[in-house]
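Here the working numbering is used: the first residue of the sequence shown is 47, the next is one more, and so on. Glycine included, C-beta positions come from ideal geometry on N, C-alpha and C.
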Amino acid sequence: MTLFARLIAIASALIAVPVAMPAAAQDGWVVTETVVTETIVTETIVTEEWVVAEESATASRYVSPLHAEAEDAAIAAYGPFRVMDGNTAALVDITQSNAPQAFAAMLDAYPTIAVLEFVEAPGTYDDRANLQLGRMIREAGLATRVNEGGSVRSGAVELFLAGETREIDRDAEFAVHGWLDDWGRGAEDFAPGAPEHRRYLDYYVEMGMAEDHAQAFYAMTNSVPFEQARWLTGSEMLKWLAQGAKVAQTLSDDAKPELAYVDLDLTRQ
Numbered sequence: 047m048t049l050f051a052r053l054i055a056i057a058s059a060l061i062a063v064p065v066a067m068p069a070a071a072q073d074g075w076v077v078t079e080t081v082v083t084e085t086i087v088t089e090t091i092v093t094e095e096w097v098v099a100e101e102s103a104t105a106s107r108y109v110s111p112l113h114a115e116a117e118d119a120a121i122a123a124y125g126p127f128r129v130m131d132g133n134t135a136a137l138v139d140i141t142q143s144n145a146p147q148a149f150a151a152m153l154d155a156y157p158t159i160a161v162l163e164f165v166e167a168p169g170t171y172d173d174r175a176n177l178q179l180g181r182m183i184r185e186a187g188l189a190t191r192v193n194e195g196g197s198v199r200s201g202a203v204e205l206f207l208a209g210e211t212r213e214i215d216r217d218a219e220f221a222v223h224g225w226l227d228d229w230g231r232g233a234e235d236f237a238p239g240a241p242e243h244r245r246y247l248d249y250y251v252e253m254g255m256a257e258d259h260a261q262a263f264y265a266m267t268n269s270v271p272f273e274q275a276r277w278l279t280g281s282e283m284l285k286w287l288a289q290g291a292k293v294a295q296t297l298s299d300d301a302k303p304e305l306a307y308v309d310l311d312l313t314r315q
């Protein structure tokens with residue numbers, strides 16, 4: 047979740063590169079994190095972040111193999127969504143303000159889609175539209191799935207929570223961190239009952255969490271500051287979601303949760 051007003055030039059330059067940008071380091075790669083931010087002027091809302099992986103010597107961009115495979119196999123494209131077949135769609139990019147319309151158009155054309163796979167999901171440019179999209183995913187009764195190598199970050203985590211059922215591979219990855227508004231204020235700067243908190247807590251409850259579980263999950267997402275990221279493996283995220291949630295068990299009994307913290311390279315004007 048992030049700031050847009052002061053960083054649109056940076057965002058535009060990065061978006062111009064038509065490749066996916068995964069968070070996990072690959073052999074021979076060094077992962078750096080570029081956070082681009084946005085706010086909705088009428089309310090204190092932070093939105094979007096995404097991750098750039100750069101090769102240490104050439105600074106060339108890394109293309110996720112899963113993303114490339116999804117693009118090659120897709121039979122139709124609707125904004126950040128790719129239709130893989132009559133049953134499955136994939137999320138392969140940042141969601142923007144038009145994502146709800148793209149999602150609705152996709153379901154109109156392919157009404158039998160039942161599963162949304164998260165392939166390369168860096169976040170969102172419009173948090174309000176993103177939460178609307180999450181509610182649409184839930185209303186449609188879709189299952190959400192992250193296969194091995196899939197990456198779900200920032201606002202995309204809210205979208206994953208929208209699944210009627212959720213399936214996570216132990217080698218998938220998730221990333222969260224504290225939000226920051228356009229005035230440099232974070233979650234810690236607002237009273238517990240402030241609308242800035244309730245927006246997310248109410249959404250988590252709508253997605254099936256009990257109030258105390260929503261509070262704990264929200265606190266976890268804000269447990270590191272905006273300038274850092276908290277990385278969770280699929281096994282760690284499954285533990286969070288399995289508490290009172292309807293989750294498909296995909297991990298072996300001996301799967302061990304892993305957790306890592308990675309500094310972000312925050313670029314500001």
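For Phe220, the secondary structure class from DSSP, reduced to helix, strand or coil, is strand. With respect to Glu204, Tyr171 sits apart: the two C-beta atoms are not nearer than 8 angstroms. Our two residues, Ala119 and Gly230, have alpha carbons roughly 42 angstroms apart in a direct line. Under the 10 Å beta carbon count, Ser197 is surrounded by 16 or more other beta carbons and is classified as buried. Nearest neighbour of Phe164 by Cα position, chosen from Gln178, Arg245 and Ala189, turns out to be Ala189.
For Gln274, the uninterrupted beta strand (DSSP E) segment begins and ends at Gln274 to Thr279. Taking C-beta atoms as the reference points, Phe220 and Arg212 fail to come closer than 8 angstroms. For Ile183, the uninterrupted alpha helix (DSSP H) segment begins and ends at Asp173 to Glu185. Note: Glu115 is not bridge-paired with any residue in the DSSP secondary-structure output. Contact check for Phe127 against Leu112 fails: the beta carbons are separated by 8 angstroms or more. Assignment of Gly201 by DSSP, reduced to helix, strand and coil, places it in the helix class. Straight-line spacing of the CA atoms in Ala260 and Leu153 works out to 29 angstroms.
Boundaries of the beta strand (DSSP E) around Ala136: Thr134 to Leu137.
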